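Following: one structure in structure tokens, then a few remarks.
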Amino acid sequence: MVETSWNEELIDRTVNFVKELGYTGIGEAEYKYDSRNGEHKLLEINVRSTNQNRFIPYLGA
Numbered sequence: 166m167v168e169t170s171w172n173e174e175l176i177d178r179t180v181n182f183v184k185e186l187g188y189t190g191i192g193e194a195e196y197k198y199d200s201r202n203g204e205h206k207l208l209e210i211n212v213r214s215t216n217q218n219r220f221i222p223y224l225g226a
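Residue numbering for the sequence shown follows our numbering, beginning at 166 and increasing consecutively.
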């Protein structure tokens, strides 16, 4: 089963990480929850427009 959830701690960690890299722009981070130890594992940070495509018409583009 796949579940999407909002996690403020992961958001803060991800934002801080990409800021340290000097990246600005759109992107998406994907994590997987490891039930064996209760940790979220970073799978990838994708800087291509993916899920954001559905929002473009609402942004006036």
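For glycine and all other residues, C-beta sits at the position ideal for the given N, C-alpha and C.
These numbers come from a predicted model, not from an experiment.
Check: For Ile-210, the first and last residue of its enclosing beta strand (DSSP E); Outcome: 204–211
Check: Beta-carbon proximity of Val-180 to Gly-192, cut-off 8 Å; Outcome: no
Check: Residue(s) in a DSSP beta bridge with Asp-199; Outcome: Glu-204
Check: Three-state secondary structure (DSSP) of Glu-168; Outcome: coil
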